[in-house]
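Offset between the sequence shown (1-based) and this note's numbering: plus 1.
Note that CB positions come from ideal geometry on N, CA and C, so glycine has one too.
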Amino acid sequence: MSEVAPVSSTVLAAYSYCEAVTGLQARNFAYGIRLLPADKRRAMSALYAFSRRVDDIGDGALDTAVKYERLEHTRALLDRVRADEVPEDDTDPVAVALAHAARAFPIPLGGLDELIDGVLADVRGEEYETWEDLAVYCRCVAGAIGRLSLGVFGTVPGARDAGRAPEYADTLGLALQLTNILRDVREDAANGRTYLPAEDLAKFGCSAGFAGPVPLTELPGSDFAGLVHFEVRRARALFTEGFRLLPMLDRRSGACVAAMAGIYHRLLDRISADPEAVLRGRVSLPGREKAYVAVRGLTGLDARQSVRGRR
2 MSEVAPVSST
12 VLAAYSYCEA
22 VTGLQARNFA
32 YGIRLLPADK
42 RRAMSALYAF
52 SRRVDDIGDG
62 ALDTAVKYER
72 LEHTRALLDR
82 VRADEVPEDD
92 TDPVAVALAH
102 AARAFPIPLG
112 GLDELIDGVL
122 ADVRGEEYET
132 WEDLAVYCRC
142 VAGAIGRLSL
152 GVFGTVPGAR
162 DAGRAPEYAD
172 TLGLALQLTN
182 ILRDVREDAA
192 NGRTYLPAED
202 LAKFGCSAGF
212 AGPVPLTELP
222 GSDFAGLVHF
232 EVRRARALFT
242 EGFRLLPMLD
252 RRSGACVAAM
262 AGIYHRLLDR
272 ISADPEAVLR
282 GRVSLPGREK
292 AYVAVRGLTG
302 LDARQSVRGR
312 R
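Here you go:
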């Protein structure tokens with residue numbers, strides 16, 4: 002769906018604010034959306050800026066009661082966007098940009114409600130017994146973002162199995178989130194959070210967690226590398242399934258997805274090669290490698306290889 006009317010200078014200013022937020026804070030996300038045409042890039046920036054606001058509330062150094070209050074205030078703002086009650090001269094540029102994006106594209110805004118629900122689970126300090134439990138959380142905080150993004154991307158006319166595109170977008174979001182969880186085990190533990198399923202931790206003798214006085218890798222009976230490789234296999238299976246989305250997208254939308262997913266896929270490979278690295282510090286890719294993945298996404302190389310790899 003294309004924009005229904007020229008974009009006013011007020012709305013463009015709101016989008017510019019969201020693009021600035023994205024450029025400063027998005028890290029991996031920004032590499033992908035640079036490949037999109039202007040209207041889709043702006044809409045994705047609005048989605049990111051709103052999502053960043055929700056995440057920042059959950060991660061902020063605030064009292065729990067204040068977090069609940071601010072998240073419900075953010076949900077009320079989303080309700081205003083959904084009801085098309087945000088005027089262009091509203092003082093909140095994120096609301097203005099998101100409202101315009103929602104008019105220009107068929108964005109399933111309920112996905113942002115799911116994101117808020119997921120962050121509320123973080124605020125409550127929920128932990129997860131099984132992968133099925135964790136997958137529900139991942140669908141809220143990442144699968145929903147995939148489905149929201151698909152509302153901006155759309156699918157190409159006549160795409161085979163296009164009705165399953167939201168499912169594949171959701172699954173790709175799960176793959177990215179599980180990769181995030183593996184990358185951030187040390188940081189999350191320092192903040193009192195454990196996301197990996199309790200039954201997986203027990204299976205590999207890692208129930209003591211990642212923030213104890215004795216390094217997990219030195220505890221008798223623990224197999225941290227085995228745990229990481231187990232989760233890596235799960236994430237790779239999710240990537241394989243999620244990459245079925247790529248042939249359903251136009252060239253530049255497919256390049257965007259291939260770039261973002263490709264960065265995380267390479268990050269997963271790096272974690273798999275040295276599982277204990279995530280306990281020493283934050284594992285990341287250098288900027289030049291991210292840019293290389295983005296270029297390959299634009300040429301279609303990574304997309305074609307990803308689709309071939311699942312056959």
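Looking at residue i: is its Cβ nearer than 7 Å to the Cβ of residue j?
{"i": "His-44", "j": "Val-153", "result": "The displayed chain sequence assigns Ala, not His, to residue 44. Cβ distance < 7 Å, so Ala-44 and Val-153 count as in contact."}
{"i": "Leu-149", "j": "Leu-239", "result": "no"}
{"i": "Leu-36", "j": "Ala-166", "result": "no"}
{"i": "Ile-117", "j": "Arg-71", "result": "no"}
{"i": "Ala-143", "j": "Met-249", "result": "no"}
{"i": "Arg-83", "j": "Leu-110", "result": "yes"}
{"i": "Phe-231", "j": "Cys-207", "result": "no"}
{"i": "Trp-132", "j": "Pro-221", "result": "no"}
{"i": "Glu-115", "j": "Cys-141", "result": "yes"}
{"i": "Asp-251", "j": "Val-157", "result": "yes"}
Report the option in the options whose CA atom is closest to the CA atom of residue i.
{"i": "Asp-189", "options": "Ala-170, Val-279, Gly-288, Ala-98", "result": "Val-279"}
{"i": "Glu-20", "options": "Arg-194, Ala-39, Arg-161", "result": "Ala-39"}
{"i": "Ala-262", "options": "Val-229, Ala-160, Ile-146, Lys-204", "result": "Ile-146"}
{"i": "Leu-181", "options": "Met-249, Lys-41, Pro-94, Asp-270", "result": "Leu is not the amino acid found at residue 181; the sequence shown has Asn there. Selected option, being the one with the closest Cα: Asp-270."}
{"i": "Gly-282", "options": "Asp-114, Arg-184, Ala-292, Ala-122", "result": "Arg-184"}
{"i": "Asp-80", "options": "Pro-158, Ala-96, Lys-291", "result": "Ala-96"}
{"i": "His-101", "options": "Thr-156, Lys-41, Ala-66", "result": "Lys-41"}
{"i": "Val-87", "options": "Thr-11, Ala-292, Val-137", "result": "Thr-11"}
{"i": "Leu-179", "options": "His-230, Gly-144, Leu-113, Ala-236", "result": "Ala-236"}
{"i": "Arg-267", "options": "Arg-253, Ser-285, Glu-89", "result": "Ser-285"}
{"i": "Ala-259", "options": "Ala-292, Gly-227, Tyr-18, Phe-231", "result": "Ala-292"}
{"i": "Tyr-138", "options": "Ala-66, Gly-112, Ala-209", "result": "Gly-112"}
{"i": "Glu-130", "options": "Tyr-196, Asp-251, Val-294, Glu-115", "result": "Tyr-196"}
{"i": "Ile-264", "options": "Ala-84, Arg-297, Thr-23", "result": "Arg-297"}
{"i": "Arg-253", "options": "Ser-9, Arg-161, Leu-151, Pro-94", "result": "Leu-151"}
{"i": "Pro-276", "options": "Gly-227, Val-294, Cys-257", "result": "Gly-227"}
{"i": "Ala-160", "options": "Ala-136, Leu-78, Glu-89, Gly-255", "result": "Gly-255"}
{"i": "Asn-29", "options": "Ser-273, Cys-257, Arg-54", "result": "Cys-257"}
{"i": "Gly-59", "options": "Pro-107, Glu-127, Ser-273, Ile-108", "result": "Glu-127"}
{"i": "Leu-135", "options": "Ile-108, Arg-194, Ala-105", "result": "Arg-194"}
{"i": "Phe-1", "options": "Ala-209, Leu-177, Arg-54, Glu-89", "result": "Since the first residue of the chain shown is 2 and the last is 312, residue 1 is not available in this structure."}
{"i": "Ser-273", "options": "Glu-290, Asp-93, Arg-234", "result": "Arg-234"}
{"i": "Thr-53", "options": "Leu-78, Val-22, Thr-65", "result": "Residue identity check: residue 53 is Arg in the sequence provided, not Thr. Nearest of Leu-78, Val-22, Thr-65 to Arg-53, Cα basis: Val-22."}
Roughly how far, in whole angstroms, is the beta-carbon of residue i from the beta-carbon of residue j, given that I think they are within contact range, below 8 Å?
{"i": "Ala-47", "j": "Ala-98", "result": "4 Å"}
{"i": "Asp-56", "j": "Val-120", "result": "6 Å"}
{"i": "Val-186", "j": "Phe-205", "result": "Their Cβ separation, rounded to whole angstroms, is 13 Å, which puts Val-186 and Phe-205 out of contact at 8 Å."}
{"i": "Asp-9", "j": "Glu-89", "result": "A small correction: the amino acid at residue 9 is Ser; Asp does not occupy that position in the sequence shown. Indeed, because the Cβ distance is near 6 Å, the residues count as touching under 8 Å."}
Three-state secondary structure (DSSP) at residue i?
{"i": "Gly-61", "result": "coil"}
{"i": "Cys-139", "result": "helix"}
{"i": "Pro-94", "result": "helix"}
{"i": "Asp-275", "result": "coil"}
{"i": "Leu-25", "result": "helix"}
{"i": "Thr-11", "result": "helix"}
{"i": "Pro-167", "result": "helix"}
{"i": "Cys-207", "result": "coil"}
{"i": "Tyr-265", "result": "helix"}
{"i": "Glu-200", "result": "helix"}
{"i": "Val-233", "result": "helix"}
{"i": "Asp-251", "result": "coil"}
{"i": "Phe-106", "result": "coil"}
{"i": "Glu-89", "result": "coil"}
{"i": "Thr-75", "result": "helix"}
{"i": "Asp-40", "result": "helix"}
{"i": "Leu-286", "result": "coil"}
{"i": "Ser-223", "result": "coil"}
{"i": "Tyr-69", "result": "helix"}
{"i": "Asn-181", "result": "helix"}
{"i": "Glu-1", "result": "Absent from the model: residue 1. The displayed extent of the chain is 2 to 312, so no value can be given."}
{"i": "Val-124", "result": "helix"}
{"i": "Arg-194", "result": "coil"}
Using a 10 Å radius around the Cβ and a threshold of 16 neighbouring Cβ atoms, would you call residue i buried or exposed?
{"i": "Arg-125", "result": "exposed"}
{"i": "His-74", "result": "exposed"}
{"i": "Ala-103", "result": "buried"}
{"i": "Gly-288", "result": "exposed"}
{"i": "Gly-61", "result": "exposed"}
{"i": "Leu-25", "result": "exposed"}
{"i": "Gly-33", "result": "buried"}
{"i": "Ala-304", "result": "Annotation note: pLDDT 46 at Ala-304 (below 50); position unreliable, no value reported."}
{"i": "Asn-192", "result": "exposed"}
{"i": "Val-229", "result": "buried"}
{"i": "Thr-172", "result": "buried"}
{"i": "Asp-317", "result": "Past the boundaries of the shown model lies residue 317; the chain is included only from 2 to 312, so the question cannot be answered."}
{"i": "Pro-7", "result": "exposed"}
{"i": "Val-67", "result": "exposed"}
{"i": "Ala-31", "result": "buried"}
{"i": "Pro-107", "result": "exposed"}
When you compare the CB of residue i with every CB in chain D, is at least one pair closer than 7 Å?
{"i": "Gly-147", "result": "Reference to chain D is not applicable here, since this structure consists of a single protein chain."}
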